[in-house]
Each structure stands twice: as C-alpha cells, then as structure tokens.
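Note that the protein sequences, when read in sequence, are chains A and B. Under numbering that gives the first Met the number 0, the first residue of the first sequence carries the number 0, and numbering increases by one thereafter. Under numbering that gives the first Met the number 0, the first residue of the second sequence carries the number 0, and numbering increases by one thereafter. Structure record follows, encoded as structure tokens.
2 protein chains.
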Amino acid sequence: MTKATTTHDQPPARVAAQVSALLQDCNDCPIRHRAVCARCEADELQHLEEIKYYRSFEAGQTVVWSGDRMDFVASVVTGIATLTQTMEDGRRQMVGLLLPSDFVGRPGRPTAAYDVTATTDLVMCCFRKKPFEDMMLRTPHIGQRLLEMTLDELDAAREWMLLLGRKTAREKIASLITIIARRNASLNQASMGDSLIFELPLTREAMSEYLGLTLETVSRQISALRRDGVIVVEGKRRVTIPDLDRLIEETGDDTDGGFLI
Amino acid sequence: MTKATTTHDQPPARVAAQVSALLQDCNDCPIRHRAVCARCEADELQHLEEIKYYRSFEAGQTVVWSGDRMDFVASVVTGIATLTQTMEDGRRQMVGLLLPSDFVGRPGRPTAAYDVTATTDLVMCCFRKKPFEDMMLRTPHIGQRLLEMTLDELDAAREWMLLLGRKTAREKIASLITIIARRNASLNQASMGDSLIFELPLTREAMSEYLGLTLETVSRQISALRRDGVIVVEGKRRVTIPDLDRLIEETGDDTDGGFLI
DNA sequence: CGAGGAGTTGAAAGCCTTCAAGCGCCGTGG
DNA sequence: CCACGGCGCTTGAAGGCTTTCAACTCCTCG
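This is how it looks when you write it as structure tokens:
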C-alpha cells in the first residue's frame, strides 16, 4: 500500500467505518440534497437523526434476502447495491441498481421483495421502519420526495424494459456502459466531455444479470466493442470512452432525445 | 346483434358515451375505491369533480404520442390502455398495461414519455394537470395514494423485467395469460376457480410487444400450449383454463409464492 | 367480390446460449 | 518462497431457441 492518496487503496471495512464516523450529522451528508430527506427542514431533519443509524457492507455481502423480515428502510450513502430476483431454477435478473441517494425498502411492507446485495463497499443510512412510517404521515415532505424518486425509478425501469425486451447484446452492453459513464459524470460533477475514464463497478456476471444475458456474451460483446474502437479497456474493469457519441450510436437509442445529464 | 344482454355487443362509441354519461358523480364511479382518489373525503372529492372530465376512445385509437404536450393526468375508468416505447428503427416495447383504476401521466412533467394507446374501448377520467398538481400539494391523501400506486407499478415493472430478461417464450406466454386471468378474476370478483374463461384483450401483436417477442412466436407458443392442453382456445381470442395450477407451472414462477389475488 | 387485417404455420437463418478449455491474478498454506 | 486453488475473465465450437421471410386461411367490411 504505497500510495494512500485516495480511499480506493484502503481496506473496505476501514473505509466504511470512516465514512459512517464522518456522517453523524445530516448537514454534512453527501446525499443530503438528493435522498428521501432532500426536502426536509431543519426540525424534520432532527427527527430523522433520532431514528437513523448507519450500516456498512463489504463488496459482495448480502444486505437482505428476498422474503426476509426487514425492519428498516434506507438510503444508499456511498457505494452501489443491487436488487435481484431469482427463479426456482436459479436464473437471476437484476431489477434495481442502487446508487448513492437511492432508496431501499418499501414503507408498509414487512419483508424484502428482492435480494439486496452490495456490489461495492457500501454505506447505508437506515431508518427504523415503524418510526419512519409514522413520520411519513406527519411529514408531507418525505412522502413528496419519495413519490418523486419512485416515479423516477419507474421511468428507469421502463427504459430498462425496452433494453431487456428489444435490444441486441451489443446494444445492451453499449447502453450499460453509457449509463455508468453518465452516472459517473453526474456524481463527479465532471464537465461531461473529459471524465470518460472510469472503473466498471460490476463484475461480468453482475452485468449479465442486469442485461438479461450470459456472462460469456457480456465478455464477448465487450471484446467486440473494444476491437471496434468504441471503448478502450485497461485490465478488466477500467474503461475509457474516446467518443461518447459513437458509443451512444451503438446503444440504439435516439441520438437526440438525450435529456438525461 | 340478437342478444344485447351485455355491453360487449354494442358499438364501442355508444358504450363509451353511456359510461361517461353514467359517471358524472364520483360516488357512482366503478373505480372510486381503487383509483388515485381512493382515499379522498367527500369535500376533497367535490374539489376533484370540478377539475375532472371524461374522455372516450375506441379500440386502437392513440390517446397521446410520446413527446406530445399533455395537459392532463387521468385514471382509466373502463377498458385497457398501453404505454409503449419505440426505437428509431421501429422496434417497439410495451412498458405499461393500464387497467381500470390505473393512473396515466406524471404530475410535474409537461410531455408524455410514452405512446398511450387504447387497446379496447376506453373511458378515462381526466384531471387538468395544473389544478391537479395544486390540489396534490394541499391534499396529502392524493399524494399518499399515488405513492402507493406508483410503488405497486414499480413492483409490477420489476416482475416484468424478470419476464423479459430471463423467461422463455413459452413461459412468457403462460405468464401473460396468468396475469390476464388473475386480473379478470379480480375485476369480476369471481370466486377464483370458475371464471377461468375470458377474452384476450390484446392482439397477437400487442402481446408480442408486451413480451419482447415477435408476433409469430406468440402465435406458435399459444398453439403449443393449446396442443399440450394447458389452455383451450375458441376462435382467436376466447381462452379457457382447465387447470390454473398447470398453467402456473408453465410460467416458471414459484408455485407457492402466489400472494397476488 | 376484392381488399385488408388478424392470425397460423413452415423453412431457413441468425443470435445468443451452452459446454469447455484456458489465462492471469491473488491469497493461502506447505 | 513458491506451488496450488479459486475467482474473474476470455475465447472457441456446437447447439438451440427465436426471428425472419413467406405463404396461406379466415373473417370483416366496403
């Protein structure tokens, strides 16, 4: 561990502990203005502080299993989590990709409907469910924000359905890489145009579960995009996008309609 | 037109006109207790009455095109509508199937995000958008109910994603028929066990857009399920399910986990 | 009666999956 | 210290499921 300039080089558990130690105060929270609490006033925030607690997970850990009791709802603070459904014979489909500020759990439902897994080191801001539900009734700001976020998720799910139902394997891969690139740009406030180098936060297998493909097909299509110069890959995970428009052409989406980021 | 016992035998436009004529008063509304207004009190309902109006569409008509201005939000009162996305080259994927009581449109968004089409004769209860948005701010009951409905839709979308990403053509068809059967049972309050005869409300093409298949594959798989005795088909649309458990086995879903209906 | 829409079915092609083998990296334990 | 084993990933070859292209039926409507 020669260079310790970024948190990336530190052991995951330590980083998570640091993050949660840093985050006792909602005012310092990195997702303060995007999460379910975004619209809360100072007094409402104080109420939330009383029922919140942080939990950390290492990459690969399961947060909850589908069907398990779930006594909390939560926001992703840092890291990435996934929601996955599994069929009896083991076929798996990812149905949610949760980034910082995204919300986990459903008020009013006692059990988890999906497997929730940390795909990177993960810190979540959890609220005990019952107090949270009570607070939702008294605090319209929370319900309003949650509605907004849920509508956004529904839009994303519908975009995803188009991908799953109608796109080719190549288009699926191009779409996923574009999504990750955009997300990265938005998190880093990058000026969109440079920052097109990033680390894929998903294994080939996780990508295949996202895209409704096998991991072999994912691997082959990534290789194909690399061969065709659409992307540049260093090692297994580091991706550079020399020409974003070229990549977007490969997604099959409208070239113009890009109102997102 | 010898037997006119049910509305099915009447010209669509007339039925729609009848329905909307019957429905000036929210208290007589068939979706009063399931739609976005479900939790409203008498005074709130009165407010809604002032900003509502009915619109009728014949089977096949387009309600709005993706990208068009949309000055209203609405509830489906009777009939079925679909939300569909289209790619540049014409590939289409249905992303929403709207039944009576389902909500159309997004408060706060000026344009339609999807093509909305009536697949059967359709009556919608429309609210002018601006007044509706204003009312949402003053009336938590509406926002609360809308959140609940949106969360349900998100769950449905995620189930659908599993279907699109991981199920075989045969499983997709069995799943769709099961969904329609359940819906029918729930609308007719049937005692679940008999009423397993119904009309498919979708063309083969609409089914293919729902399932991410071609219409030929839909046709072939329906024929295969018929050959195997899983379903009985009279004419092109009328389906009988002799053994629902058998059909459910064909969906690939958990046999037990059926908490729906 | 002809035209057109909805649906069915056959044959061939194609895309993705399945099955297999192999590479490179990393942590463990002899 | 180094061999071993596992994991993540890549690549090849064969097979299969769905699509594509095409022909044909049935029914409705003008």
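Note that CB positions come from ideal geometry on N, CA and C, so glycine has one too. Just so we're clear, the structure is a prediction, and the values are computed from it rather than from any experiment.
Can you tell me the Cβ-Cβ gap for residue i and residue j, rounded? I've got them flagged as a contact below 8 Å.
i	j	result
B/G78	B/D120	5 Å
A/G142	B/L214	Contact flag wrong, Cβ pair sits at about 42 Å.
B/E185	B/C124	According to the sequence as given, residue 185 of chain B is Ser; it is not Glu. That belief does not hold up - the Cβ atoms of B/S185 and B/C124 are roughly 20 Å apart, past 8 Å.
A/S65	A/A112	6 Å
A/V103	A/V72	6 Å
A/A223	A/R169	7 Å
Whose Cβ in chain B lies nearer than 7 Å to the Cβ of residue i?
i	result
A/V94	R157, M160 and L161
A/M123	In chain order: nothing, as chain B lies at least about 19 Å away.
A/Q23	None at all; the shortest Cβ gap to chain B is about 29 Å.
What would DSSP say about residue i, mapped onto helix, strand or coil?
i	result
B/D252	coil
B/C25	helix
B/I240	coil
B/E147	helix
A/L212	coil
A/K128	helix
B/A111	coil
B/V229	coil
B/L201	coil
A/M86	coil
A/M69	coil
B/V217	helix
A/K51	strand
B/L246	helix
B/A168	helix
A/R31	coil
A/R182	helix
B/A41	helix
A/I196	strand
A/S174	helix
B/R91	strand
A/S100	coil
A/A58	coil
List the residues of chain B whose Cβ lies closer than 8 Å to the Cβ of residue i, in chain order.
i	result
A/P139	P139 and G142
Compute every distance between the C-beta of residue i and the non-hydrogen atoms of the ligand ADP, then say whether any falls below 6 Å.
i	result
B/V72	Absence of the ligand ADP is noted for the structure shown, with no ligands found whatsoever.
Run down chain A in chain order and give the residues with a C-beta less than 7 Å from the C-beta of residue i.
i	result
B/G164	Q92, L163 and G211
B/L315	Limits of chain B in this structure are 0 at one end and 260 at the other, which puts residue 315 of chain B out of reach.
Using beta-carbon positions only, say whether residue i and residue j come within less than 7 Å of one another.
i	j	result
B/L163	A/G251	no
B/K128	B/D70	yes
A/M93	A/E208	yes
A/R144	A/A37	yes
B/C28	B/L44	no
A/I196	A/T239	yes
A/T149	B/L150	yes
B/P109	B/I30	no
A/M206	B/M160	no
A/K198	A/R236	Just to set this straight, residue 198 of chain A is Glu in the shown sequence, not Lys. Result yes, Cβ atoms of A/E198 and A/R236 sit closer than 7 Å.
A/V231	A/E249	no
B/P139	A/P139	yes
Against residue i, what residues of chain A qualify as contacts under a CB-to-CB distance less than 8 Å, listed in chain order?
i	result
B/L150	R105 and T149
B/L293	Missing from the structure shown is residue 293 of chain B; chain B here goes from 0 to 260 and no further.
B/Q220	Result: empty, since nearest Cβ-Cβ is about 16 Å, beyond 8 Å.
By the criterion of Cβ-Cβ separation under 9 Å, what are the contact partners of residue i in chain B?
i	result
A/E87	G251, D252, D253 and T254
A/A112	D154 and R157
A/Q60	Going along chain B, no residue has its Cβ under 9 Å from A/Q60, so there is no contact; the nearest lies around 22 Å.
Chain A partners of residue i, CB-CB under 9 Å?
i	result
B/Q45	Chain A residues near B/Q45: none, gap ~22 Å exceeds 9 Å.
Open item on the list: With three or more C-beta pairs closer than 8 Å as the rule, is the segment 47-62 of chain A touching the segment 142-159 of chain A?
Closed with: Result no; under three Cβ-Cβ pairs closer than 8 Å.
- [ ] Please determine if the segment 171-183 of chain A and the segment 51-61 of chain A are in contact, where contact requires at least 3 C-beta pairs separated by less than 8 Å.
- [x] The segment 171-183 of chain A and the segment 51-61 of chain A do not touch, with fewer than 3 CB-CB distances between them shorter than 8 Å.
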